[in-house]
Amino acid sequence: MAFARSERPRLPTAIKILVAGGFGAGKTTMVGAVSETRPLRTEEVLTDRGIGVDDLTSVEAKRTTTVAMDFGRITLGNDYVLYLFGTPGQERFWFVWDELAEGSLGAVILADTRRLADCFPSVDYFERRGTPFVVAVNCFEGAPTFELDEVRLALQLSPSIPIILCDARKRESSREVLIALVKHSARLRAEPVGS
Amino acid sequence: MRGRDEHTDEHWVDPEIIRPYVVTRGRTQPAHGRFDLISMALAVGPAPGPDAGLDPEHIRILQLCREPKSVAEIAAYLNLPAGTIRVLLGDLFDRELVSAQEPQAEVDMHDMKMYRAVLDGLRSL
Numbered sequence: 000m001a002f003a004r005s006e007r008p009r010l011p012t013a014i015k016i017l018v019a020g021g022f023g024a025g026k027t028t029m030v031g032a033v034s035e036t037r038p039l040r041t042e043e044v045l046t047d048r049g050i051g052v053d054d055l056t057s058v059e060a061k062r063t064t065t066v067a068m069d070f071g072r073i074t075l076g077n078d079y080v081l082y083l084f085g086t087p088g089q090e091r092f093w094f095v096w097d098e099l100a101e102g103s104l105g106a107v108i109l110a111d112t113r114r115l116a117d118c119f120p121s122v123d124y125f126e127r128r129g130t131p132f133v134v135a136v137n138c139f140e141g142a143p144t145f146e147l148d149e150v151r152l153a154l155q156l157s158p159s160i161p162i163i164l165c166d167a168r169k170r171e172s173s174r175e176v177l178i179a180l181v182k183h184s185a186r187l188r189a190e191p192v193g194s
Numbered sequence: 000m001r002g003r004d005e006h007t008d009e010h011w012v013d014p015e016i017i018r019p020y021v022v023t024r025g026r027t028q029p030a031h032g033r034f035d036l037i038s039m040a041l042a043v044g045p046a047p048g049p050d051a052g053l054d055p056e057h058i059r060i061l062q063l064c065r066e067p068k069s070v071a072e073i074a075a076y077l078n079l080p081a082g083t084i085r086v087l088l089g090d091l092f093d094r095e096l097v098s099a100q101e102p103q104a105e106v107d108m109h110d111m112k113m114y115r116a117v118l119d120g121l122r123s124l
């Protein structure tokens, strides 16, 4: 009772956006604010060097690490589903970032002005990789307020990279950040640079 | 954490680590297809009967995938690592019980139409 090929229901196209930033910068908060479900968690169990484990007696000898990622889903009509992935914080998980960044539409880097330096590694990473990104300054209560220009200077961002104030707890505000990222990515990738 | 000298045969490794391997009978790679975290899967055809030789996890995946779901979502709902889900999805794909999307194949990051659709979708949230 197989479906004829032409009758196969079409799968929506999945699109990925990464939400990066230092520990406590509000990554999961933002994912939850715009997603249609509460943030979900997926785990990858990683063994040293990715050697295939086909024999359980050797499991113990390998170091096994579990990397957890929080993510959310936004269904965009029938044709697209957008997934937002909070990047795992620890830098030893760069290789997980590589898998996440591959084929992604872009990244939001959440900055906390109390710990601005925490987002340096993310900025470096996405710059090096050529992944489009925007910086969203999460406005925590009681955090020092900076002019966006000061943040840009501190992070040594080029003028072409959008930088936005946001409240990651608010759906509207987080949505605006995503819209800014999609526009930025479209400018960089969908049209010739400089047009 | 258990120290080395406390190791006994009964407690040689965390059961949470073992479960994924039991579910897949030790396999770490799907027989066919490569699925990444956002590869989408959708159950196709009639639900298989009890004689189909499927494991409970296979059945749960088919139930979840009545609507399109990604590998990451299936993993989250079944509380199993994504790697395990890839193997199980490979089984279902081989039996033509799911239709699945190859990773990244269809997303063209230069396609203006895609950006417009995503922007329109986000604006109407």
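These protein sequence lines are chains A and B, in that order.
Using numbering that gives the first Met the number 0, the first residue of the first sequence is number 0, and each one after it goes up by one.
Using numbering that gives the first Met the number 0, the first residue of the second sequence is number 0, and each one after it goes up by one.
C-beta atoms are modelled at their ideal positions from N, C-alpha and C, and glycine is treated no differently.
Just so it is clear, the structure is predicted and the values come from calculations on it, not from any experiment.
Please state whether DSSP places A/V33 in a helix, a strand or coil. Position 34 of the first sequence, counted from the first residue, corresponds to residue 33 of chain A. Three-state DSSP puts A/V33 in a helix.
Output yes if chain A places a C-beta closer than 8 angstroms to the C-beta of B/L61; else output no. As a first step, residue 61 of chain B is located in the second sequence; it is residue number 62 there, counting from the start. It does not: the Cβ of B/L61 has no partner Cβ on chain A nearer than 8 angstroms.
Spatial neighbours of A/L17 in its chain, beta-carbon cut-off 6 angstroms, leaving aside the 5 residues before and after: Residue 17 of chain A sits at position 18 when you count from the first residue of the first sequence. Around A/L17: F84, T86, L99, S103, A106.
Minimum Cβ-Cβ distance from A/L164 to chain B less than 8 angstroms: Working through the first sequence from its first residue, we reach residue 164 of chain A at position 165. No, no contact with chain B.
So A/N137 and A/C165 are in contact, right, with Cβ under 8 angstroms, and what is the actual spacing, rounded? Reading the first sequence from its first residue, position 138 is the one you call residue 137 of chain A. Reading the first sequence from its first residue, position 166 is the one you call residue 165 of chain A. Their Cβ separation, rounded to whole angstroms, is 6 angstroms, which keeps A/N137 and A/C165 in contact under 8 angstroms.
Chain-order list of residues whose beta-carbon lies under 6 angstroms from that of A/A142 (same chain, five-residue window excluded): The sequence position of residue 142 of chain A within the first sequence is 143, counting from 1. For A/A142, where only same-chain residues beyond five positions count, the Cβ hits under 6 angstroms are T112, R113.
Top-ranked residue by Cα proximity to B/E66, from A/F92, A/R9, A/D97: Numbered from 1 along the second sequence, position 67 holds the residue referred to as residue 66 of chain B. The shortest C-alpha separation from B/E66 is found at A/R9.
Compile a chain-ordered list of the residues in the stretch 150 to 182 of chain A whose CB is closer than 8 angstroms to at least one CB of chain B. Here the close residues are R170, R174, L177, I178, V181, K182.
What residues from the stretch 59 to 89 of chain A come within 9 angstroms of chain D, judged by C-beta to C-beta, listed N to C? Of the protein chains in this structure, namely A and B, none is chain D.
C-beta neighbour in chain B for A/R188, strict 8 angstroms: In the first sequence, counting from the first residue as 1, residue 188 of chain A sits at position 189. Output row for A/R188: interface = yes.
Length of the line joining the Cα atoms of A/G36 and A/E42: Numbered from its first residue, the first sequence carries residue 36 of chain A at position 37. Numbered from its first residue, the first sequence carries residue 42 of chain A at position 43. Residue identity differs from the one stated: residue 36 of chain A is Thr in this sequence, not Gly. One alpha carbon belongs to A/T36, the other to A/E42, and they sit about 18 angstroms apart.
Neighbour list for B/R85 in chain A, Cβ cutoff strictly below 7 angstroms: Stepping through the second sequence from its first residue, residue 85 of chain B is reached at position 86. Near B/R85 there are no residues of chain A at all, since even the closest Cβ is about 10 angstroms away, more than 7 angstroms.
Is the beta carbon of B/I58 sitting closer than 8 angstroms to the one on B/I73? Translated into the one-based positions of the second sequence, residue 58 of chain B becomes position 59. Translated into the one-based positions of the second sequence, residue 73 of chain B becomes position 74. Taking 8 angstroms as the cut-off, the Cβ atoms of B/I58 and B/I73 do not count as close.
For B/R122, decide whether its Cβ has a neighbour in chain A, counting only Cβ atoms nearer than 8 angstroms. For this step, residue 122 of chain B is matched to residue 123 along the second sequence. Put simply, the CB of B/R122 is near chain A, with a gap under 8 angstroms to one of its CB atoms.
Which residues, taken in chain order from the stretch 65 to 98 of chain B, show a beta carbon closer than 7 angstroms to some beta carbon of chain A? From the stretch 65 to 98 of chain B, only P67, S69, A71, E72, A74, A75, P80, A81, G82, E95, S98 have a Cβ closer than 7 angstroms to chain A.
Shorter than 7 angstroms, the distance from the beta carbon of A/F119 to the closest heavy atom of the ligand SAH, or not? No copy of the ligand SAH appears in this structure; indeed no ligand is present at all.
Do B/L77 and B/E95 count as a contact pair if the criterion is CB distance below 8 angstroms? Counting from 1 along the second sequence, the entry for residue 95 of chain B is found at position 96. Counting from 1 along the second sequence, the entry for residue 77 of chain B is found at position 78. Result no, Cβ atoms of B/E95 and B/L77 do not sit closer than 8 angstroms.
Of all the options B/A81, B/L88, B/L36, B/A51, which has the alpha carbon lying nearest to the alpha carbon of A/V80? Start at 1 with the first residue of the first sequence, and residue 80 of chain A comes out as number 81. Ranking the options by Cα distance to A/V80, first place goes to B/L36.
Taking the alpha helix (DSSP H) that A/D148 falls in, what are its first and last residues? On the first sequence, residue 148 of chain A is found 149 positions in, with the first residue counted as 1. Counting along the chain, the alpha helix (DSSP H) containing A/D148 begins and ends at 147 to 154.
Can you give me the start and stop residues for the beta strand (DSSP E) that A/K15 sits inside? Numbered from 1 along the first sequence, position 16 holds the residue referred to as residue 15 of chain A. Element bounds for A/K15: 12 to 20.
Do A/R72 and A/S121 have their C-beta atoms within less than 8 angstroms of each other? Numbered from 1 along the first sequence, position 73 holds the residue referred to as residue 72 of chain A. Numbered from 1 along the first sequence, position 122 holds the residue referred to as residue 121 of chain A. Not in contact: A/R72 and A/S121 (Cβ atoms no closer than 8 angstroms).
Please decide whether B/D50 counts as near chain A, where near means a Cβ-Cβ distance under 8 angstroms. Locating residue 50 of chain B in the second sequence gives position 51, where the first residue counts as 1. No, no contact with chain A.
Counting only C-beta atoms, is B/P29 closer than 8 angstroms to chain A at any point? Translated into positions along the second sequence, residue 29 of chain B becomes position 30. It does not: the Cβ of B/P29 has no partner Cβ on chain A nearer than 8 angstroms.
Among B/R122, B/I17, B/V21, nearest to A/L75 - alpha-carbon criterion: The sequence position of residue 75 of chain A within the first sequence is 76, counting from 1. The option with the nearest alpha carbon to A/L75 is B/R122.
Put B/S123 into one of helix, strand or coil per three-state DSSP. What you label residue 123 of chain B is simply residue 124 of the second sequence in a count that begins at 1. Correct three-state label for B/S123: coil.
Inter-residue spacing [alpha-carbon to alpha-carbon] between A/T56 and A/A110: The residue you call residue 56 of chain A lines up with position 57 of the first sequence. The residue you call residue 110 of chain A lines up with position 111 of the first sequence. Residue confidence is low: A/T56 scores 48 on pLDDT, short of 50, so the model does not pin down where it sits. Its coordinate-derived value is still stated next. Between A/T56 and A/A110, the alpha-carbon positions lie close to 45 angstroms from each other.
Beta-carbon spacing of B/L41, B/S98 below 8 angstroms: The count along the second sequence starts at 1 and reaches residue 41 of chain B at position 42. The count along the second sequence starts at 1 and reaches residue 98 of chain B at position 99. Yes; because the gap between Cβ atoms is below 8 angstroms, this pair is in contact.
Which residue marks the beginning of the alpha helix (DSSP H) containing A/F119, and which one marks its end? Here residue 119 of chain A refers to the residue found at position 120 when the first sequence is read from its first residue. Element bounds for A/F119: 119 to 128.
Extent of the continuous alpha helix (DSSP H) to which B/D164 belongs: This structure leaves residue 164 of chain B out entirely; chain B is present only between 0 and 124.
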